[in-house]
Structures are given as structure tokens and as C-alpha cells.
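Protein chains: 2
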Amino acid sequence: MASDSRPYHHGHLRPALIDAAVATVEDQGPAATSLRGVARRAGVSHAAATYHFGDKAGLLTAVAAEGYRRLAEALRAEDQASHSYLEIGVAYVRFAVNHRGYFEVMYRPELFHPQDPALLEARAAAASELYRGDQPDADQMATGIAAWALMHGVATLWLNGNMPPPLGDDPEAIARLVAKHLDVAVPGEPGADRLRTFSRAETLKSVAYPVFIQMTSLPSSPIRP
Amino acid sequence: MASDSRPYHHGHLRPALIDAAVATVEDQGPAATSLRGVARRAGVSHAAATYHFGDKAGLLTAVAAEGYRRLAEALRAEDQASHSYLEIGVAYVRFAVNHRGYFEVMYRPELFHPQDPALLEARAAAASELYRGDQPDADQMATGIAAWALMHGVATLWLNGNMPPPLGDDPEAIARLVAKHLDVAVPGEPGADRLRTFSRAETLKSVAYPVFIQMTSLPSSPIRP
DNA sequence: CAAGATATCTGTCCAGTGGTTAAATCCACT
DNA sequence: AGTGGATTTAACCACTGGACAGATATCTTG
């Protein structure tokens, strides 16, 4: 009832526009992504997109929110599959590379509405799905940030084309290689010496997830006034 | 001879436009930066900017090139001042934060002409200034990439407003905190066990710089076709 | 099933943008 | 003085994001 020959009502235009936006970001880059181009790609007028999302930033806000949902799902799936902290980090890089359309929007707050309730809720939902424990202390948080920053750095440098070619063209392999240099021991914590590497499942709940939930408390990006 | 009351010829329009572009990126963000806005800021018509840089991407190419020059200068100065590998990493983060107008352009190759000769030369000059040694092997390179990715991740997460507030608002302090978790030992290298931390000057030439020079060999960013 | 009411989408208009081109202005040199 | 080249402006084009009125479809409610 909605696919005869271009009916007046699309039926599922909202998700179709998000898909079109992601696809456009993926092959044109975020800078060259236009509201009208996305609408054209979906086969509707640009005003239809405005109706659903308010403005261009609103569309990209929806892209970012959906991205957080999918990132959370990917990390959760990897957790259940491998129970490996290292592999969760690798999954983060894999997500960035395989879904760069989402990823490249998610970490450019100047492109969307960083205070949008739906976006915040998607982040919070992702976090609450992952996090089930106590608040981390400062040392635990620093450890988690180190892991996150390392994987985020690998992902962004790879996406920017800044990885030295001799390292090969497999971003996941690079992530594993680099992760060997991360020391996830929490200083002063009992058993710290046997947690030197990035691969103990036990550190998962106490190190990575606390960081992820803190992420959701959003520092209301100090970027633009 | 060039500052009476708005002479027809500016005299130093090229650098003035670069400054205006950096300032605009700094307080509007890269997405909202327009060629016309930059020209207005410099007090000239947009066509004058086009004359000097060809197009908007050309202007941002010049911004990126100048950014690489300044980054190299900052890292070199820190090296001579402290001889500390850790502090060079901190200086990288400091540069990103204090000169975000440059930094945010440098790592967005979709904004400029990544193959521009002047840009490549600036990167190469920065690298040759820093690098004076042999080609690194794969292990050394992985170690350097780990350090670079970690600091790059800290810098970008901070710029994006994604650092958890409890960590404080000093990005350099966060960089030092996080760096404690980086293990710069090169596996299988003699003396690896005593290089566990991120602060030995001796590792400087053999770890950080090789990465930086490899960076200049430019993988011709696989990003956009 | 008729008749609003509502949701969804289009067409049109506006100011602003990036880019091109011709013309104007200035400067250096003879 | 005046010619030639460098620099800048002005005018134009196609496009963008956004606003709005109106068209079309769907949903209610009688």
C-alpha cells in the first residue's frame, strides 16, 4: 500500500531520510552533505525533510541518535560474544569504519543539536544498557578514558587517512596492535599488576562502561557559544 | 604604506585571510565557515579571496599547511625545552586546544585539497625537521602510533565536549593522567622492561618521530573518491 | 459513507553561498 | 606620462537552507 509508483505519501520517510543522509555522508563527506541532496536521494522535496526534522541540524541529530543506538548494540553484541575488553575496543573501531556515515556525524557536535532530548535519551539508553554497577572513581575513569581515547584516536586517524601505510589496511588489526601498548591497570588497585594488558573480561564492567555512562552526562559541549 | 584608510591593495591579504579563516573556524566551527564570511572579516570581497587561493578548499589547504608548520614548531620547541616524550604528547594536546582553528581543519581532509604540493611540503618539512634517524620497523611504528592515537583521541574527545566532567577542565592534565596508561615498550627490544612509562627522552627519536615522518608519506586519504 | 480534521508532502519564495568572469583600480617600471 | 601586470571589485550563475501557503492523502467521527 505504499510502493506502487511513487505514491504521494512515502510511508516511511523519516527512516528513509536518515538512511539517505548516512549514505550521503558516506560517499560525499559531512561537509558536502546538503539537506536538499538528501531529500533528492530519497525522492522527495527538501521541504518534506524539513517537515520531519525541522532543519538540517535536526536531520543530523536524528542520524547521531540512531548512531548511538547502533554503536551501543554493536558493543553489547561484542560483549556477549567474546567477553573481551580488547574486542570491545576493536568493535568500536570496526563500527567507526563500517558505519562511518553515523560515526562522522556523532562526533561533530557542530553539525547537530547537542541538547536534543531524543539524542540524549539515545545516549542514556545506550549507557544504561551497558552500565550496571557503581559510579567509577577518578582512577577508574582515567583508565577508561585512556582506552576510549586510544580506540577513538585509531578510528579517527584511520578515517582521516593518517595511518602510515606500512601498518596495513586493516583497521581492526591496527587496533589490536596498538592496544598492546595500553596498560589498563588501575593504579593502587589490588591485582593491578596482573591486568597489564587490554584483554581481561573482568575489567569490562569496572573500566569501560563507567566511562560510557559518564559520557552521557554530557558536558554540554564547550565548543560553540 | 599599507594602513592609511583602507587602501585598495591590502598588502598582506594572503596571511590576513588565513588568520581570518582560523579565527572564523575558532568561533563558528568548520561547518559554519564560509569563504564570504572570511573575506568579510578581512574586509575584502570574496572574489579577492578566490584570487589568492583558487577556491574555498584552497584557503583551507593553506590553513592546514600553516597548521602543520606551527604544530611542528610547537613540538620541536617542547622537545628542546623538556626532552620529555610525555611532554611532547602533552604539547600535541595543547596545540589542538589552543589552536583549534588550525587543528580542526588539519584533520578534516574533506575540507581541503589533500594532495596540494604546498601542504605536502609543509608536512614533509615538519617531519624532516623532527626526524633524524633510521626508518622504524613495524613494532616501533606501532608503538609510535599508539602514542599518537592516544593523544589524538584525548585532543579530539576534548574538543568535541566528550570528556567526562569529573576529569576536570584542564586538557593537559587529562593528557598526563591518561598517558600513565600507555606502555611505550617496544616488544622484543632490549631494555623494553624499563621503558614502561611515557617519559623517557631516549625513546623520542626512535618512536615518536618515525611515526611523524611516516605520516608525511601520505596514504592519499582513502576517504573520498 | 460523508465530512471535517489532521498528517504529510509539494511549489514557491527569500537571503546567503561558492564560483566564474569582466571590468576597475592601483603599482612598478620605463 | 603611460603601459603592463597584479590585485581587487562588481555583476552574474546555480545552488543551499529555511519559511510559508497550499495541495494531497489519511484518519477520525458522525
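Protein sequences, first through last, are from chains A and B. Counting with our numbering, you get residues 1 to 225 for the letters of the first sequence. Counting with our numbering, you get residues 1001 to 1225 for the letters of the second sequence. Idealized CB from N, CA, C, for every residue including glycine.
From B:Glu1087, B:Gln1028, B:Ala1179 and B:Phe1103, residue whose alpha carbon lies closest to that of A:Thr143: B:Ala1179
Limits of the alpha helix (DSSP H) - the one that B:Asp1139 falls within: Ala1138 to Leu1159
Within the chosen definition, does the stretch 1098-1111 of chain B reach the stretch 1063-1071 of chain B through at least 3 CB pairs nearer than 8 Å? yes
Limits of the alpha helix (DSSP H) - the one that A:Asp26 falls within: Residue 26 of chain A is actually Glu in this sequence, not Asp. Leu13 to Gln28 is the extent of the alpha helix (DSSP H) around A:Glu26.
Assuming the contact rule is C-beta atoms closer than 8 Å, B:Val1105 and B:Ala1064 should be a hit. Round their C-beta distance to whole Å, please. 5 Å
List the residues of chain B whose Cβ lies closer than 8 Å to the Cβ of A:Tyr51, in chain order. Chain B residues near A:Tyr51: none, gap ~23 Å exceeds 8 Å.
Taking only beta-carbon positions, decide if A:Tyr107 is within less than 8 Å of chain B. yes
What residue from B:Val1038, B:Gly1043, B:Leu1120 and B:Val1093 has the CA that sits closest to B:Asp1055's CA? B:Val1038
Whose Cβ in chain A lies nearer than 8 Å to the Cβ of B:Thr1156? Tyr107, His152, Gly153 and Thr156
Taking C-beta pairs closer than 7 Å, name the residues in chain A that B:Leu1177 reaches, listed in chain order. Ala142
Kindly list the residues whose CB is nearer than 8 Å to the CB of A:Leu157, restricted to its own chain and excluding five residues on each side of it in sequence; keep chain order. Met163
State the CB to CB distance for the pair B:Val1090 and B:Ala1155, rounded to an integer number of angstroms; the pair is presumed to be in contact (CB under 8 Å). So it is not a contact: roughly 10 Å between Cβ atoms.
Would you say the beta carbon of B:Leu1150 comes nearer than 7 Å to a heavy atom of the ligand FMN? Judged by which ligands are present, the structure shown has none, so any question about the ligand FMN falls away.
Find out if the Cβ-Cβ distance for the pair A:Leu111, B:Ala1057 is shorter than 8 Å. no
A:Leu17 beta carbon less than 8 Å from that of A:Ala42: yes
For A:Val184 and chain B, any beta-carbon pair shorter than 8 Å? yes
Neighbouring residues, chain A, relative to B:Glu1110 (Cβ below 8 Å): Gly29, Pro30, Ala31 and Ala32
Determine the contact status of A:Ala149 and B:Gly1153, defining contact as a CB-CB distance below 8 Å. yes
Listing by chain order, which chain A residues have their CB less than 7 Å from the CB of B:Ala1088? Just to set this straight, residue 1088 of chain B is Ile in the shown sequence, not Ala. Within chain A, no residue comes near B:Ile1088; the closest Cβ sits about 16 Å away, beyond 7 Å.
Neighbourhood of A:Ala118 by C-beta distance below 8 Å, restricted to the same chain and skipping five residues each side: Thr61, Ala62 and Ala65
Whole-Å CB distance - A:Leu35 paired with A:Leu13, under 8 Å assumed: Contact flag wrong, Cβ pair sits at about 14 Å.
Quick one: using the 10 Å Cβ neighbour count with 16 as the cut-off for buried, is B:Pro1015 buried or exposed? exposed
Measure the alpha-carbon distance for A:Ser82 versus A:Leu75 and round it to whole angstroms. 10 Å
Simplified DSSP assignment, three categories, for B:Ala1201: In this predicted model, B:Ala1201 has a pLDDT of only 40, less than 50, meaning its place in the structure is not dependable enough to derive any value.
Distance cutoff 8 Å, beta carbons only. Does A:Ala72 sit that close to anything in chain B? no
N-terminal and C-terminal residue of the alpha helix (DSSP H) that A:Lys56 is part of: Lys56 to Ser82
Quick test of your reading: A:Leu182 and B:Asp1139, contact by CB under 8 Å. State the CB separation rounded to the nearest angstrom. Rounded, the Cβ-Cβ distance is 15 Å, inconsistent with contact.
Around the Cβ of B:Pro1114, are there at least 16 other Cβ atoms within 10 angstroms (buried) or fewer (exposed)? buried
Among B:Phe1103, B:Leu1167, B:Gly1168 and B:Thr1050, whose alpha-carbon lies nearest the alpha-carbon of B:Ala1023? B:Phe1103
Beta-carbon gap between A:Met151 and A:Ala124 smaller than 8 Å: no
Identify the continuous alpha helix (DSSP H) that holds A:Glu87 and give its terminal residues. Tyr85 to Asn98
Using the beta-carbon of each residue, which ones in chain B are nearer than 9 Å to A:Leu167? Ala1138, Met1141, Ala1142, Ile1145 and Gln1214
Along chain B, in chain order, which residues have C-beta atoms closer than 9 Å to that of A:His46? Within chain B, no residue comes near A:His46; the closest Cβ sits about 18 Å away, beyond 9 Å.
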